[in-house]
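Data block below; observations after.
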Amino acid sequence: MAVVVRSLQDQLEKAKESLKSVDENIRKLTGRDPSELRYYLMKAF
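So for the sequence shown, the working numbering puts the first residue at 1; every next one is plus one.
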């Protein structure tokens with residue numbers, strides 16, 4: 001069971017790192033922080 005949990009934690013960390021790269025690319029292309037857009041969209045609904 002502990003092996004499965006550790007494996008899932010590792011996969012989660014890899015996914016987070018991948019998303020950080022995506023956020024950095026969006027910031028470079030648009031000049032804006034992608035988290036600001038997410039916040040705005042959440043407030044709109």
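Where is the CB? At the ideal position from N, CA and C, for every residue including glycine. Keep in mind that this is a model prediction, so the values were computed, not measured.
Pull up the distance between the alpha-carbon of residue i and that of residue j, whole angstroms please.
i, j, result
"arginine 32", "glutamate 24", "10 Å"
"glutamine 9", "serine 18", "14 Å"
"threonine 30", "alanine 15", "22 Å"
Report all residues from its chain with a CB closer than 7 Å to the CB of residue i; omit the five preceding and five following residues, and keep chain order.
i, result
"methionine 1", "none"
"arginine 38", "none"
Return the chain-ordered list of same chain residues with a C-beta closer than 8 Å to the C-beta of residue i, the five sequence neighbours on each side being excluded.
i, result
"isoleucine 26", "Arg32, Pro34"
"glutamate 11", "Before going on, a small fix: residue 11 reads as glutamine here, not glutamate. Cβ within range, chain order: n/a, list empty."
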